[in-house]
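Following: one structure in structure tokens, then a few remarks.
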Amino acid sequence: MAFLDLGPIRRVAGSVKLPGSKSISNRVLLLAALASGETRLHDLLDSDDTRVMLDALRTLGIAVRQDGGAAVVSGAGGAFPLKAAELFLGNAGTAFRPLTAALALCGGDYRLSGVARMHERPIGDLVDALRQLGARIDYLAASGYPPLHIRPASINANAKVSVRGDVSSQFLTALLMALPLTGRETTVTVEGELISKPYVDITLNTMRRFGVEVAREGWVSFTIPAGAHYRSPGDLWVEGDASSASYFLAAGAIGGGPVRVEGVGASSIQGDVRFAEALEQMGARIAMGENWIEASAPAGGKLRAIDADFNHIPDAAMTVAVAALFADGPCALRNIGSWRVKETDRIAAMATELRKLGATVGEGADWLRVIPPAALRPATIDTYDDHRMAMCFSLAALGGVTVRIKDPQCVNKTFPEYFEVLSRISGLS
Numbered sequence: 030m031a032f033l034d035l036g037p038i039r040r041v042a043g044s045v046k047l048p049g050s051k052s053i054s055n056r057v058l059l060l061a062a063l064a065s066g067e068t069r070l071h072d073l074l075d076s077d078d079t080r081v082m083l084d085a086l087r088t089l090g091i092a093v094r095q096d097g098g099a100a101v102v103s104g105a106g107g108a109f110p111l112k113a114a115e116l117f118l119g120n121a122g123t124a125f126r127p128l129t130a131a132l133a134l135c136g137g138d139y140r141l142s143g144v145a146r147m148h149e150r151p152i153g154d155l156v157d158a159l160r161q162l163g164a165r166i167d168y169l170a171a172s173g174y175p176p177l178h179i180r181p182a183s184i185n186a187n188a189k190v191s192v193r194g195d196v197s198s199q200f201l202t203a204l205l206m207a208l209p210l211t212g213r214e215t216t217v218t219v220e221g222e223l224i225s226k227p228y229v230d231i232t233l234n235t236m237r238r239f240g241v242e243v244a245r246e247g248w249v250s251f252t253i254p255a256g257a258h259y260r261s262p263g264d265l266w267v268e269g270d271a272s273s274a275s276y277f278l279a280a281g282a283i284g285g286g287p288v289r290v291e292g293v294g295a296s297s298i299q300g301d302v303r304f305a306e307a308l309e310q311m312g313a314r315i316a317m318g319e320n321w322i323e324a325s326a327p328a329g330g331k332l333r334a335i336d337a338d339f340n341h342i343p344d345a346a347m348t349v350a351v352a353a354l355f356a357d358g359p360c361a362l363r364n365i366g367s368w369r370v371k372e373t374d375r376i377a378a379m380a381t382e383l384r385k386l387g388a389t390v391g392e393g394a395d396w397l398r399v400i401p402p403a404a405l406r407p408a409t410i411d412t413y414d415d416h417r418m419a420m421c422f423s424l425a426a427l428g429g430v431t432v433r434i435k436d437p438q439c440v441n442k443t444f445p446e447y448f449e450v451l452s453r454i455s456g457l458s
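Residue numbers (our numbering): 30 to 458.
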């Protein structure tokens, strides 16, 4: 399908069972592969990104089978058994970065590549950190970017390593998840401000569930203990995707509601549940239980303008940018520089598409300012092969206009059924 026409959507209401979290799914898949024992993963996300990780693990010699609704992973109890492989990892950063780190410590010969956009996404800071440990990694094209050639190497004992934290938290996550393969105590120091801290929290929580406790001093220093080894927790349930929840919660706040998302709530380990706080600041009515969140429009019907730092929830902040079309004044999103190195340059893409709908938009290196129009204009939205662009801009159909979403299949990266679910709660099906 080359495009999908949505709207106008007059009202949304209903309940949505969220797919499994992408961030958690790819983390637990990797740790289950490296752990001793067999792990049964329940509610694992089925999407392009998780299929990329599953295909890579199988290529590396890990047995994965389906048993009812669970994915059963037979762990290697350490390094991957295959010592030579070529992996194509699409545009899945949550697969490419952690696998780069793990394979660099496995003593094998590996080549990693992806789609053209993946080869434009920086990985130099992670490679530099791994080289401090003795890893041998060559760039096969532009320096600092994939594709990569990883060669067998002797890893330093009792090493200390530093990594930049201000480009992507995935670099720190990749290092932390890989370092138990050495069996040695290693301290990772973060240079600069660590962005997206809640995603590192997910990493630490997931590692803990597999038996590795990381000692940290604030957000500056992280120590892997000597003798650390991943052990299967047996059965593990993946909670719903909090980033995906943002679209439906915003729909409830814009389109009346109530809309309830099931699978995340007060007990969630994902930082993106704090998107609900941003909606509350915009006047939305929010209710929350241990495993659900519900959003309804403000009593007056109009969202309030917001000026906030979104460094902690950069993915969900994209939804705020589109919700800003329905605010009572200019909205400013700050400290979102990581958008520049995602599936596309999301600051530039967001500004371009918001202007098509009639908004006045200012942009900088790490900020976006959105002045909503008096009335939205119908628009054809380019999605840049970016799943979040497609899902975010579907919300514009709540503004009384028809919105054409180009390349709607790009949502397969994380939420293949997204448009069907949106149709169900909006009465379009």
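Glycine included, C-beta positions come from ideal geometry on N, C-alpha and C.
*On a CA-only basis, which of Val93, Gly256, Ala62, Val144 is nearest alanine 131? Give me that one, please.*
Cα-wise, what sits closest to alanine 131 is Ala62.
*Could you name the residues of the same chain whose beta carbon sits closer than 8 angstroms to that of serine 458, not counting the 5 residues immediately before and after it, in chain order?*
Here serine 458 scores only 43 on pLDDT, less than 50, and its place in the model should not be relied on; the value that follows carries that caveat. Answer for serine 458: Glu449, Ser452, listed in chain order.
*asked:* Please tell me whether, using a cut-off of 8 angstroms, the distance from the CB of arginine 40 to the nearest non-hydrogen atom of the ligand ZN is below it.
replied: Because no ligand of any kind appears in the structure shown, any question about the ligand ZN cannot be addressed here.
*Tell whether a beta-carbon distance below 9 angstroms holds between alanine 328 and arginine 314.*
Yes. Within cutoff.
*Whose C-beta lies closer than 6 angstroms to the C-beta of serine 325 among residues of the same chain, with five residues either side of it excluded?*
Closer than 6 angstroms at Cβ, skipping near neighbours: Gly281, Gly286, Pro287, Arg314.
*If we call anything under 9 angstroms between Cβ atoms a contact, is serine 272 one with threonine 123?*
No, the Cβ-Cβ distance between serine 272 and threonine 123 is not below 9 angstroms.
*Inter-stretch contact at 8 angstroms, needing at least 3 Cβ pairs: the stretch 194 to 212 / the stretch 139 to 159*: Output reads yes: the stretch 139 to 159 touches the stretch 194 to 212.
*Does the stretch 100 to 117 touch the stretch 46 to 65, meaning 3 or more C-beta pairs lie closer than 8 angstroms?*
The stretch 46 to 65, when compared against the stretch 100 to 117, does touch it at the 8 angstroms Cβ threshold.
*Is the stretch 411 to 423 close to the stretch 359 to 379, with three or more CB pairs under 8 angstroms?*
Yes, they touch.
*Is serine 44 helix, strand or coil by DSSP?*
Serine 44: strand per DSSP, three-state reduction.
*asked:* For tyrosine 462, which residues in the same chain have their Cβ closer than 6 angstroms to its Cβ, ignoring the five residues on either side in sequence?
replied: The structure shown has nothing for residue 462, since the chain only spans 30 to 458.
*Can you tell which of Lys51, Ser76, Arg94, Gly49 has the C-alpha that lies nearest to the C-alpha of glutamate 67?*
Residue Arg94 holds the alpha-carbon nearest to the alpha-carbon of glutamate 67 among Lys51, Ser76, Arg94, Gly49.
*Between the stretch 340 to 352 and the stretch 301 to 314, are three or more C-beta pairs nearer than 8 angstroms?*
Below 8 angstroms, enough C-beta pairs join the stretch 340 to 352 and the stretch 301 to 314 to call them touching: three or more.
_Contact under 9 angstroms by Cβ, glycine 119 with valine 144_ = Contact: yes.
_Starting from leucine 116, trace the beta strand (DSSP E) in both directions and tell me its first and last residue._
113 to 117 is the extent of the beta strand (DSSP E) around leucine 116.
*Is glycine 285 helix, strand or coil by DSSP?*
Residue state, collapsed to three classes: strand.
*asked:* On the criterion of 16 or more Cβ atoms from any shown chain inside 10 Å, does glycine 391 qualify as buried, or is it exposed?
replied: Here glycine 391 is exposed, its C-beta having fewer than 16 other C-beta atoms within 10 Å.
_Backbone CA spacing between arginine 433 and isoleucine 454 [nearest angstrom]_ = If I take the Cα positions, the gap works out to 19 angstroms.
*Where does methionine 347 sit, in a helix, a strand or coil, going by DSSP?*
Of the three classes helix, strand and coil, the one that applies to methionine 347 here is helix, per DSSP.
*Taking just the CA atoms, how far does leucine 73 sit from serine 54?*
The alpha-carbon atoms of serine 54 and leucine 73 are separated by roughly 6 angstroms.
*Would you mind working out which of Phe239, Ser296, Ala426 sits nearest leucine 35, comparing C-alpha positions?*
In this structure, Ala426 is the residue among Phe239, Ser296, Ala426 with its C-alpha nearest to the C-alpha of leucine 35.
*alanine 216 to valine 293, Cα distance in whole Å?*
Contrary to the premise, residue 216 reads as threonine rather than alanine in this sequence. The straight-line gap from Cα to Cα measures roughly 32 angstroms.
*asked:* For histidine 71, list the residues DSSP reports as bridge partners.
replied: Secondary-structure assignment with DSSP links histidine 71 through a beta bridge to Ala99, Trp266.
*Report yes or no: do three or more beta-carbon pairs, one from the stretch 82 to 96 and one from the stretch 32 to 50, lie closer than 8 angstroms?*
Counting C-beta pairs closer than 8 angstroms gives fewer than three between the stretch 82 to 96 and the stretch 32 to 50, which falls short of the contact rule.
*Strand pairing of phenylalanine 277, partner residues [DSSP]*: According to DSSP, phenylalanine 277 bridges with nothing at all.
*How is alanine 244 classed by DSSP in three states: helix, strand or coil?*
Alanine 244 falls in the strand class under three-state DSSP.
*Whose C-beta lies closer than 7 angstroms to the C-beta of glycine 366 among residues of the same chain, with five residues either side of it excluded?*
Only Ala394, Asp395 meet the Cβ criterion.
*Could you check where the beta strand (DSSP E) with lysine 442 kicks off and where it finishes?*
Counted as a single uninterrupted DSSP element, the stretch harbouring lysine 442 is not any beta strand (DSSP E), since DSSP gives it neither H nor E.
*Taking all protein chains shown into account, decide if phenylalanine 32 is buried (16 or more other Cβ within 10 angstroms of its Cβ) or exposed.*
Under this definition phenylalanine 32 is an exposed residue.
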